[in-house]
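Chemist: Residue numbers (the numbering used here): 1287 to 1770.
Sending over a structure as structure tokens; questions will come in a sec.
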């Protein structure tokens, strides 16, 4: 057992030597939660507003504000698109949530989502060179019911201050309605990261996992456990990229999606799910046990584990089975257990296990690419382009069963992804301006380097303070006490 380091590089070795793999996995989860609480209290959040214009003398206030700023107002009035270059709008994202489905914790009340939304903003800035503002809103009507139209109206009202909107942690079925309406009725990209972001990165991981397994996307049988925003979009993107919907079987909390699901057919809020009932599961399989027999791929985004997915299910899968168990904060089955059951490749949504299939390597680059060309929307083609960009990047630097996608510390993946997305936006006819791939890459790379250097400078000069070592040791002690 080692004393834990500030960079957490020895996390697996910071627990007692006699701990089993299951105990270590559980202890890491508790430790990271305890340390997160301490760090958030220490910093009082993760983001702040910093000016990017210089103050070179008193009269510069008259340039940035009145009377000089009047020229900016009238120019934007006469041509609204100039707001993208005369203000920070062109590099600014609103992270909007009603906090009704925060990670695996459900409805956390409107302010309960702030930690996650600030986290999205933090990653956008550091990884993608994008500014972002967390906006946690109350979507309840006078009867206390969450109303999707309140979110829709809010986003339509604030869209003129932003270059894009990232929807996050909105419960189903409201998330389907909100995205479908806003994608068509807003003049800027509205992106649901739980759906499109997770789907894009999952597709990237699947592309490389299938390469290693020697299988083709059109020929594999896929089981999807969970039928929320993530997995329904994953099914759509896989199909758009060559997968066979008829070979997919999707499960929600009531069983498989199939043509006999009258409960889904009767509820118009679930139109997306009813479409999948009609197009997937050709053999009308009912049980998860039956579906898993001989399946090539399991993609689970359902109830946090570690016992949601059973070892015997994985043991019944085809040779060189691919298992993505991506519930947060605890995967449906721990990777070591899935491997013991015979899985060839295992991925989760967590960075402390191999193969983190998490939208954190997707949305910073995807949103940056959309912003670079001032896109009006993010198409499915753009999400698929991002998936192939991630997969190609990983393959070029080398992939293996324990390393199928890039990680957040591979800085150059983000400007490459941004450039690939920007070019696809131009091809799809949703870009306001045109850039070459190289121009998009150079701009994204410069902005990302600026953001990272800014953070590094703030740390070096003491404006971002370093936590005391005791914070880590105390969090570790609390974690060990809790799992005894």
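Even glycine gets a Cβ: it sits at the ideal position worked out from N, Cα and C.
Using the C-alpha atoms, what's the distance from residue 1511 back to residue 1385?
Modeler: The alpha-carbon separation between residue 1385 and residue 1511 amounts to approximately 23 Å.
Chemist: In chain order, which continuous runs of the alpha helix (DSSP H) of length 4 or greater are located wholly inside the region 1711 to 1765?
Modeler: 1723 to 1746
Chemist: Round the Cβ separation of residue 1555 and residue 1397 to the nearest angstrom and send it over; I've been treating them as touching at under 8 Å.
Modeler: That belief does not hold up - the Cβ atoms of residue 1555 and residue 1397 are roughly 26 Å apart, past 8 Å.
Chemist: Rounding to the nearest angstrom, what Cα-Cα distance links residue 1489 and residue 1374 in this structure?
Modeler: 32 Å
Chemist: Go ahead and pull the three-state DSSP assignment for residue 1804.
Modeler: What is shown of the chain runs 1287 to 1770, which leaves residue 1804 out entirely.
Chemist: Only counting the same chain, and skipping five residues up and downstream in sequence, which positions put a Cβ closer than 6 Å to that of residue 1320?
Modeler: Excluding residues within five positions, the ones whose Cβ falls inside 6 Å are 1761, 1764, 1765.
Chemist: Where residue 1265 and residue 1444 are concerned, what is the direct C-alpha to C-alpha distance, given to the nearest angstrom?
Modeler: Nothing about residue 1265 can be reported from this structure: the residues present for the chain run from 1287 to 1770 only.
Chemist: Does the contact criterion of 3 or more C-beta pairs under 8 Å hold for the region 1583 to 1594 versus the region 1615 to 1624?
Modeler: Taking a cut-off of 8 Å on C-beta distances, the region 1583 to 1594 touches the region 1615 to 1624, as three or more cross pairs fall below it.
Chemist: Determine the DSSP secondary structure at residue 1378, reduced to helix, strand or coil.
Modeler: In the three-state reduction of the DSSP assignment, residue 1378 falls in the strand class.
Chemist: Tell me whether residue 1323 sits in a helix, a strand or coil according to DSSP, three-state version.
Modeler: Helix at residue 1323.
Chemist: Is it right to say residue 1429 is buried, meaning 16 or more other beta carbons lie within 10 angstroms of its own, or is it exposed?
Modeler: exposed
Chemist: Would DSSP call residue 1399 helix, strand or coil?
Modeler: helix
Chemist: Would you mind sorting residue 1720 into buried or exposed? The rule is 16 or more other CB atoms within 10 Å of its CB.
Modeler: Label assigned to residue 1720: exposed.
Chemist: According to DSSP, is residue 1303 helix, strand or coil?
Modeler: coil
Chemist: Skipping 5 residues on each side, what residues in its chain have a beta carbon closer than 6 Å to that of residue 1506?
Modeler: 1582, 1583
Chemist: DSSP puts residue 1330 in a beta bridge; with which residues?
Modeler: In the DSSP output, where bridge partners are listed per residue, residue 1330 has none listed.
Chemist: Rounded to the nearest angstrom, what separates residue 1567 and residue 1463 at their Cα positions?
Modeler: 24 Å
Chemist: State the start and end residues of the unbroken beta strand (DSSP E) segment that holds residue 1476.
Modeler: Where residue 1476 is concerned, the enclosing beta strand (DSSP E) stretches over 1476 to 1478.
Chemist: What did DSSP end up calling residue 1420 once you bin it into helix, strand or coil?
Modeler: strand
Chemist: Can the beta-carbon of residue 1711 be found closer than 8 Å to that of residue 1727?
Modeler: no
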